[in-house]
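Heads up, the thing below is written out as C-alpha cells.
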Amino acid sequence: MKTDFIPFDYDYFDFCGKNYVKIIGRNSQGKRICVMDSCDIYFWAILKEKINSKKINKLIEKIEKIKLNLKGRQTRVENVELHEKNFLGKKVKALKIFATNYKDLHDIANKLGFPEIECRRGYDLGFITHYIIERKINPLCWYEISGEFANEKFSGVENLDVDFCIELESLKKIEDKKFSPKILSYDIETNDLRIGGGEILMISLVSENFKKVLTWKKTKDKQSYVEYVDNEEKLIEKFVEYVKKISPDFLVGYFSDGFDLPYLKARANKLKIPLNLGLDDSSPRFFRKGFGKDFGTAKISGVIHIDILKFIQTAYSQYMQSETLSLNEVAKEFLGDQKKNFDLDSFNKISSQSWEDYFEYCLHDSILTFGLFEKFWPDILEFSRIIKEPVFDISRNGLSKQVEGYILHNLERFNEIPEKRPTHDEIGKRKHRKKVEGAFVLEPTPGLYEKIAFFDFTSMHTSIIISMNISKSTLLEKEEKDSYESPEIEFEGKKTRFYFSKKQGFLPSLMEEILEKRKRYKEEYKKNPNQITFARSNAFKLLSASVHGYIGFFGARYYSLESSASVLAFVRKFNKEIIEEVTKAGYSVIYGDTDSIAFLLGNKNEEDVKKLLTKLNSELPGVMELELEGFFKRGIWVTKRTGTFGAKKKYALIGKDGKIKIRGFETVRRNWCRLARELQSNIIKLILEEGNEKKAFEFLKEVIQRVKKRKIKQEEIIIKTVLQKNLSEYKAITPHVIAARKMKEKGLPSSIGNLIEYYIAESKEKKKFVREKVKIPGESGEYDISYYLERQILPAVENIFQIFSKDVKETIEGKRQTSLGDF
DNA sequence: GGTCCCTAGATACC
DNA sequence: ACAGGTATCTAGGGACC
C-alpha cells in the first residue's frame, strides 16, 4: 500500500508493551488515514572526561543488564551504544541507552548511579517530540508513505473511524501540495456560566456549506438551520452525531478549552450519556496545566480540538487594536464582522421571537469562530511547519514553548544532546535571583517639534545574540583572548563582564534562521499590506523577539541569566552610542527607548539623514542593522504629571501623510473613559495638524461645556478595567473591585479576565473615596461632573497645554462655580 | 478629618 | 509558571497630626 500523506495530529499508545505512535492525517484524495509507527527509544548518559575504553566497556555491560519491575510490568535496557556527541557545545562521549517504552526512560535513568556518568539527558522531551525528531515525519508536510494495512493488527486496542490504517514501512518527503483541512466550528449557549452549573440550551455548528443550531427549546416559527430535539440529553447526542457525520480535521471553538468542551463534558456526565467525540469513540481528555489559575486543555482523540482564542492571545494580542479578546472585538478587528445583538441578561423572560434571535446569535458565534480559524490558519500552519510540533500544541503553547520547540527539533544538525528541563527546585532558585538591568530609555525634553526622524534597530536583541554569539553554551568561564566581551554589568551585586566564544554556537545559529523568516514576512507585508500579512509579520517579530526573553525565562532549558544580562548590556551600549553619534553629526536627539532614537532634522534634509544611516550601519558589527523607521512632520512630548521631567514612553507623531501615531498617552489606555480618551486624541490631532494649541483649546472648552450641561452619553463615561485576579485576592479595594462585586451580585461575569465596567456617580453626601461613588451601567444615577472634569479630562490634557504655557486647570475647574449656577 | 508618603494595581512601550 | 525589563499614573492604605 502506497499513498501520499499529510500528518495533522499525533498520539501514542502501548501495544504488546511497546510504544506506538498513531498519526492522523489525510491524503490528496481527502481520505482520512491513520499511520501506526514506532521508533527507537533511548536517552543519553554523558560520560565524565578521561574514562578509558576498558572502563566504558565494563560500564556498558553493567547497563545492558539493567532490568526493572515497574508496577508489575517488566522492562529492561535493550541496547547500549557509545557515541561522540556535543553537549552545550562541548565534545563528549555519551552512551545511547535504548529501552522499549518511553515511559521507562526516567526510571532507567534513575538506576544509573555510576561514578563514570556525568549526567543523563534526553528522557524528558515527551514521546511525540522525541518521535518527530527521530522519524522526521513533520506536521503538515507532505510525504509519500508505504506500508501494510494495519486495521486488523491493532484491532481491540485502537479502533479508529478512518478510511484506512497503515503500519508505516517507508516514507519520503515530497513536494508541497495544496490542501484544505475540514473545519467545524461550534458554540454552546447555557443558562448558567458556571461549568456544568446550568443546562445547555443550544449548540451551533458551522462548516463549509453547513449551518446548524440544535436546540430543545421549541418556538412558533423556525429558521431552516434550527433543528429541534426533545431534551438536553438528545441535544448532546445529536451534537456528537453531527460531529461524527461531518468528521472534521479541526473542531474549533472560541474559549472552548475553558468553557464549551468542559461544559459539554460536565453535562454529559451528569446526564450519564457518553460524549464519544473521538475517532475511537473516546471522550475528550482534559489536561490541567499550572496550578489552577489557568484553564486546562481539551483533547479529542483523532480530531484536533482548537481553541482559537489561545493562539490569538499568544501570537497577536500585543499587536491588536481591540481592547479585549472577546469574540466580538476580535471578530470586528479581523473579520470586520461582529456578534449579533442579543441581551443575555434575563433568560427567564425570553419570548418566542427572542429565542429566534438567540438561535441566530448562537449560530453567528460559530460563523465568526469559523472565520477566525480560516484567517489564522496560514499562520498556524507556518508555525507548525517551522517549529515541527503538532497543531494542537502550536495553537496553545506560550512563546517560550515555541522557541524551545524550535530549538529541540533542530539540535540534531549540531549533533547536540538536549539539555534537560529545570527541576522544580531549580526553577525556585532561578525565580529568586536578582533581576538584571534592562534597556535604556532617554528622558525626552517636553515640547512640540517639527521635522523628526526615527531610527530603530531591527530585531535588536536577536541580532545581538547572533552577532556576539551569546548563549548558555558559548559563555566562557573566564576571559579569553579573541572572544566577545560584554560591557561592564552589575551582576549579583558585583561589577563584572562576560565573555563568549567566537566559535558559533548552535543557539545563535538557529536564531539567525528565525531572523531570516522575520525579515521575509516583513517584506511580504510591505509588498502586500493587509491585516493578515501584518499579523504574520508581527508573529515572527514576536517569535524572534521572544528568543531573548526565553534565555532569561526561569522555565527554559537553555536559561542563562549571564547571557540575558549581556544582551541587555549590549542593548544599552549600542543605543547610547547611536545617540552619541547622531548628536555628533549635528542633530538634536529628542528621545530614545531600547532600540530606537528620535531626532530633529533641523537645517538638514532627508538625504543627509539617509547618508548618516548608511554610515552608522557600516560601523555596526555582525548582523546588526539600524533602520529608518520614518520621517515625521511634527511630534509632541510632555512632562510627567508630577514634576517637570519629560515623560518616557509617551509621545505622539504626525507623519507626512497626516497619519497620527500615539504612544503611551491616555488615548491608548483602555482604563480611561472614552470621553477623556477621545478628547485627548482630538486635541493631540489638532495640535499636530495646526502646529499650535489654539483650535485645540477651543475644542476643549466645548467639551467642558457639554460635560457641565450633562450632555455626555453614558457610554462615554464608562471606565473599563480587566480583573487581573480573583475578587478575594485584592489587598486594596479599588473602584473596579467594587464594580466587580456589584456585577457578581447581579450574576454577571466577574472573574479573572472579565472586563469590569463602571462609572462615577454624583452623590448628595460628600464621599471620601471614589469607590463609594461607583455605579455599574445598569444602575441609575447622574455622572459626577467634578470627577470627570478633574480626574479624567484634566489629567488627559493638562500636560499637553502646558507645553504652550497654557494652564487649563482654571478653564476646567475654575469656571465650574459660575456654570453650576445655571442649574 | 486632612496631609504625606508609599504600595497596589492596571496598562502601556519596546 | 509557561518570554523579559522599564515606565506612568490613579486610588487606596496607613502613619501622623
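If you're matching positions, the first sequence starts at 251 in our numbering and goes up one per residue. The C-beta atom is built at its ideal place from N, Cα and C for all residues, glycine as well. Quick caveat: nothing in here was measured; it's all calculated off a predicted structure.
Contact between V686 and A806 does not hold, since their C-beta atoms are separated by about 15 Å, which reaches or exceeds 8 Å. Look at T724 here: in three-state DSSP terms it is coil, with no helix or strand label. About 7 Å separates the CB atoms of L757 and I657; that is less than 8 Å, so the two are in contact. Judged by DSSP in its simplified three-state form, R538 adopts coil rather than helix or strand. Distance from E334 to K340 at the Cβ level is roughly 11 Å; contact not present, criterion being Cβ atoms closer than 8 Å. Nearest neighbour of A689 by Cα position, chosen from V641, D732, I739, turns out to be I739. Rounded to whole angstroms, the gap between the alpha carbons of V1047 and E979 is 34 Å. Taking a contact as a CB-CB distance under 8 Å, the pair T971 and I1026 does not count as one, their CB atoms being some 12 Å apart. Three or more beta-carbon pairs separated by less than 8 Å are not found between the stretch 891 to 900 and the stretch 719 to 738, which leaves the two stretches without contact.
At least 8 Å separates the beta-carbon of F704 from that of F915. Excluding residues up to 5 positions away in sequence, E729, E735, S736, P737, E738, I739 lie with their Cβ nearer than 8 Å to the Cβ of R747 in the same chain. Per the C-alpha coordinates, the member of K353, E940, N307 positioned closest to I367 is N307. K860 and I1010 have their C-alpha atoms roughly 51 Å apart. Selection A400, G503, S454, N778 evaluated against R646 yields G503 as nearest (Cα-Cα). When DSSP reads this structure, M452 sits in a beta bridge with E439, T465. Using a Cβ distance threshold of 8 Å, L793 and L631 do not count as a contacting pair. Per DSSP, the unbroken beta strand (DSSP E) holding L850 starts and ends at 846 to 850. For F265, the closest of F404, K281, L375, E394 by C-alpha to C-alpha distance is F404. Listed in chain order, the beta strand (DSSP E) runs fully inside the stretch 830 to 918 are 838 to 843, 846 to 850, 876 to 889, 896 to 905, 910 to 913, counting runs of at least 3 residues. As the crow flies, the alpha-carbon of F804 is around 48 Å from that of M251.
In the pairwise beta carbon analysis, the stretch 934 to 950 is classified as touching the stretch 1040 to 1057: at least three pairs are separated by under 8 Å.
Take A295, set aside five residues on each side of it, and the residues of its chain with a beta-carbon closer than 7 Å to its own are A344, L345, I347, L362, I367, R370, in chain order.
Less than 8 Å separates the beta-carbon of L511 from that of P534. Spatial neighbours of K823 in its own chain (CB-CB distance under 7 Å, excluding positions within 5 residues in sequence) are listed in chain order as P737.
Y775: member of the alpha helix (DSSP H) spanning 756 to 777, first to last residue. Excluding five sequence positions before and after E742, the CB atoms of its chain that fall closer than 7 Å to its own CB belong to K684, given in chain order. Bridge partners of F265 according to DSSP: K268. Within the stretch 544 to 588, the complete alpha helix (DSSP H) segments at least 4 residues long are 558 to 565, 577 to 585, listed from N- to C-terminus. G397 and N409 have their C-alpha atoms roughly 18 Å apart.
V821 has its alpha-carbon roughly 14 Å from the corresponding atom of V873.
Assigned with DSSP and collapsed to three states, Y980 falls in coil, not helix or strand. Per DSSP, the unbroken beta strand (DSSP E) holding Y699 starts and ends at 697 to 707.
For A835 and I886, the gap between their C-alpha atoms comes out near 23 Å.
Annotated three-state conformation of V1024 is strand, per DSSP. Rounded to the nearest angstrom, the gap between the Cα atoms of Y749 and L726 is 5 Å. Non-local beta-carbon contacts of I667 in its own chain, meaning distances under 8 Å to residues more than five positions away in sequence, involve W294, I296, K335, N336, F337, V342, A344, R371, G372, L661 in chain order.
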